[in-house]
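Peer 1:
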Amino acid sequence: MSAVLLIEQALNGLQFGVMLFLMGAGLTLIFGVMGLINLAHGSLYMVGAFAAAAVAGATGSFLLALVASLVAAAIAGVLVEVLVIRRLYDRDHLDQVLATFALILIFSEGTRWAFGSFPLFLDRPEWLAGTVMLPFGIEYSLYRLFIILVGLAVAAGLFWMIAYTRIGIQIRAGENDREMIGALGVNISALYTLVFALGAALAGFAGAMIGAIQSVQVGMGEPVLILAFVVIVIGGIGSIKGALVGALLVGLTDTLGRLLLPQFFELFMEPAAATSVGASLASMAIYILMAGVLLFKPSGLFGSTA
């Protein structure tokens, strides 16, 4: 195996991890501030992807499609929070799971009714088509590099917002003592709606970005949601830093595991058997990673131990 192939796959893992961060960051904000288990987060990812595909098809503009994904997912998030989620804050987690699972079904059938059952396709713009030459003679997809750079920029913006802005201070305070910040005059309902809309917008943006790599279809958000839960469990619930580190670990583990494990087992068995065993273990690698982290850090890498 060449070093160039290894670096290319590492970049693919980084791109996958950045996409998972956009999902996981919103999920960890919602759970950390609101204490809500939101199974419908993957549906907001799907809403963003379908909104982007529809706008790109109507206007031909990829940038407008990205803006549409943010706006559509944020609006859907506000409606969900105001109409449904707001009634669940004082309920136990089982009620939250059942209600948000029902939202998955509603979003899936509503999307199928609006767009049909056939997949949509979001074309990459010409200025992001093709490849770019990186150092050491590495030729890499320009669009995947764009996802990495935009995702890291979003991560930097989130860190800045949480650390240095007034709303960030309120979010951090809400994670620790929501009753106290309410007593100090902060509008808790408005804060919760804002956090939910921000998390929804990040999920929708991730759906739009990945929609140009794979087809946009009903139910596309649920597999990503499972991985996003793995990310925030590894990183620590409520931690943006943990979401970023966890997402990168999951992305690199999954991508490099699928490349390296079959080759490793070829040292001990026939190629066909090695491929089968390696692929099976590669699909389990991120869950083995999660179990290993929880064994030594039950609250996650950056989670609160309180």
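Residue numbers (our numbering): 2 to 307.
Where a beta carbon is used, it is the ideal one built from N, C-alpha and C, also for glycine.
Treat the numbers as computed from the prediction; the structure is a model and nothing was measured.
On the CB-based measure, 16 or more other CB atoms within 10 Å of its CB, does G14 come out buried or exposed?
Peer 2: Buried, by the Cβ-count rule.
Peer 1: In angstroms with no decimal places, state the Cα-to-Cα distance between V313 and W161.
Peer 2: Residue numbering for the chain in the displayed model covers 2 to 307; residue 313 lies beyond these limits and cannot be assessed.
Peer 1: Given 8 angstroms as the limit, is there contact between the region 230-238 and the region 199-217, that is, 3 or more CB pairs closer than that?
Peer 2: As far as the Cβ criterion goes, the region 230-238 does not touch the region 199-217, which means the pair count is below three.
Peer 1: Mind checking which residues open and close the beta strand (DSSP E) that includes V133?
Peer 2: Per DSSP, V133 belongs to the beta strand (DSSP E) from T132 to L135.
Peer 1: Check A307 in the structure and name its three-state DSSP category.
Peer 2: Bear in mind that the predicted position of A307 carries a pLDDT of just 49, short of 50, making it unreliable; the figure below should be weighed with that in mind. Coil.
Peer 1: What separation, rounded to the nearest whole angstrom, lies between the Cα atoms of S190 and M270?
Peer 2: So the two alpha carbons sit approximately 60 angstroms from each other.
Peer 1: Quick one: Cα of G36 to Cα of L30, how far?
Peer 2: Each residue's Cα considered, the two are about 9 angstroms apart.
Peer 1: Opposite Y165 in the DSSP bridges: which residues?
Peer 2: Answer is none; Y165 lacks a bridge partner.
Peer 1: Per DSSP, what kind of secondary structure is L40 in: helix, strand or coil?
Peer 2: In the structure shown, L40 sits in coil (DSSP, three-state: anything other than H, G, I, E or B).
Peer 1: Using alpha carbons as the reference points, say which of A69, G304 and S44 lies closest to K242.
Peer 2: Answer by Cα proximity: G304.
Peer 1: Have a look at F17, G43 and S300 and flag the residue whose alpha-carbon is nearest the alpha-carbon of F147.
Peer 2: Closest option to F147, Cα to Cα, is F17.
Peer 1: Quick check on A274: buried or exposed, where buried means 16 or more other Cβ atoms within 10 Å of its Cβ?
Peer 2: So A274 ends up on the exposed side.
Peer 1: Would you decide whether P272 is buried or exposed? Buried here means 16 or more other CB atoms lie within 10 Å of its CB.
Peer 2: Classification for P272: exposed.
Peer 1: What's the C-alpha gap between M291 and G43?
Peer 2: Each residue's Cα considered, the two are about 20 angstroms apart.
Peer 1: Just curious, the beta strand (DSSP E) that E140 is in, first and last residue?
Peer 2: Segment I139 to S142, the beta strand (DSSP E) holding E140.
Peer 1: If L245 and F22 are in contact, beta carbons under 8 angstroms, what's the gap, nearest whole angstrom?
Peer 2: Indeed, because the Cβ distance is near 5 angstroms, the residues count as touching under 8 angstroms.
Peer 1: Are the region 202-210 and the region 45-59 touching, with three or more C-beta to C-beta distances below 8 angstroms?
Peer 2: Yes, since at least three Cβ pairs between the region 202-210 and the region 45-59 fall closer than 8 angstroms, the two stretches touch.
Peer 1: Could you round the C-beta distance between V79 and A198 to whole angstroms and report it? I think they count as a contact, below 8 angstroms.
Peer 2: Between A198 and V79 the Cβ distance is about 5 angstroms, and since that is below 8 angstroms, they are a contact.
Peer 1: Excluding the 5 residues preceding and the 5 following L250 in the sequence, name in chain order all residues of the same chain whose CB lies nearer than 7 angstroms to its CB.
Peer 2: So the list reads I235 and L290, once near-sequence residues are dropped.
Peer 1: Quick one: Cα of P308 to Cα of S142, how far?
Peer 2: Given a span of 2 to 307 for the chain in the structure shown, any question on residue 308 remains unanswerable.
Peer 1: Can you give the Cα-Cα distance for D93 and A184, rounded to whole angstroms?
Peer 2: About 24 angstroms.
Peer 1: I need the straight-line Cα distance from L140 to Y193, nearest angstrom please.
Peer 2: At residue 140 the sequence reads Glu, which differs from the Leu that was named. About 44 angstroms.
Peer 1: Can you have a look at A156 and say buried or exposed, based on whether 16 or more other CB atoms are within 10 angstroms of its CB?
Peer 2: Result: buried.
Peer 1: What's the gap between the Cα of I170 and the Cα of F266?
Peer 2: Cα to Cα, I170 sits roughly 50 angstroms from F266.
Peer 1: Work out the CA separation of Y288 and T276 for me, nearest whole Å.
Peer 2: C-alpha separation (whole angstroms): 20 angstroms.
Peer 1: Around the Cβ of P299, are there at least 16 other Cβ atoms within 10 angstroms (buried) or fewer (exposed)?
Peer 2: The residue in question, P299, is exposed, as its Cβ has fewer than 16 Cβ neighbours within 10 Å.
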